[in-house]
């Protein structure tokens, strides 16, 4: 049982920090959920010096945006991986929304160009193709160009990784074994 309580304490602290919340911020979120937390209460929980009631665990889950308070009882390693996955999922959602917003903005800009070109022509202003060139660009092209740039960048990283792997294999083949500093 002590391991579960230590996991809980460690995971509350790590997830709070990952969210960029101070202990005071988390305490305020808990107050908003009906728990009389202070910064000192959060500190005691994170140090394993204060037990948490089930209602408080549920409120902590909500305050931290977790799908289940039981996540806080898992091993810190598993919890970190789960939190990393959740953060990546949120990031992808934010990025997708940004693409949608940028696309809508581009389409509005194209409409403005079309209206401005039409009104300029109506006023007798010569409108050359430079001023209307954005009307020929589909919004989807930006996504395709971004994908091509990403794939090129990924290929460069893959080439670099392959080169480093080849060099490391040659070093090992010569009898030298580098000291690993990895903790995973």
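Numbering (full-length UniProt numbering), first residue to last: 1 to 184.
All C-beta atoms, glycine included, are put in the ideal place defined by N, C-alpha and C.
Note that the coordinates shown come from a computational prediction; the quantities given were computed from them, not determined experimentally.
Please tell me whether residue i and residue j are closer than 7 Å, where the distance is taken between their beta carbons.
i, j, result
"residue 8", "residue 66", "no"
"residue 142", "residue 132", "no"
"residue 23", "residue 43", "yes"
"residue 113", "residue 120", "no"
"residue 12", "residue 54", "no"
"residue 6", "residue 48", "yes"
Can you give the beta carbon distance from residue i to residue j, rounded, assuming they're within the 8 Å contact cut?
i, j, result
"residue 41", "residue 27", "6 Å"
"residue 171", "residue 178", "7 Å"
"residue 103", "residue 139", "5 Å"
Which same chain residues end up closer than 6 Å to residue i when comparing Cβ atoms and leaving out the 5 residues on each side of it in sequence?
i, result
"residue 35", "56 and 59"
"residue 176", "none"
"residue 94", "none"
Cα-Cα, which of the options is closest to residue i?
i, options, result
"residue 110", "123, 141, 99 and 136", "136"
"residue 20", "113, 95, 64 and 52", "64"
"residue 144", "99, 165 and 107", "99"
"residue 80", "123, 159, 14 and 112", "14"
"residue 16", "51, 84, 125 and 3", "84"
Using a Cβ-Cβ cut-off of 7 Å (strictly less than) and excluding sequence neighbours within five positions of residue i, which residues of its own chain qualify?
i, result
"residue 37", "27, 30 and 31"
"residue 130", "none"
"residue 183", "Reliability fails at residue 183, whose pLDDT of 44 lies under 50, so the model's placement of it is uncertain and the value that follows must be treated cautiously. Around residue 183: no qualifying Cβ."
"residue 62", "33"
For residue i, report the span of its alpha helix (DSSP H) as first-last.
i, result
"residue 121", "76-122"
"residue 164", "140-173"
"residue 58", "54-64"
"residue 44", "39-46"
"residue 4", "2-18"
"residue 32", "23-32"
"residue 73", "Premise fails: residue 73 is in no alpha helix (DSSP H) and is neither H nor E."
"residue 131", "129-132"
By Cβ distance, which residues of its chain are closer than 8 Å to residue i, with the 5 residues on each side in sequence left out?
i, result
"residue 82", "71 and 74"
"residue 134", "109, 110 and 113"
Would you say the beta carbon of residue i comes nearer than 6 Å to a heavy atom of the ligand MN?
i, result
"residue 24", "The ligand MN is not part of the structure shown, which contains no ligands of any sort."
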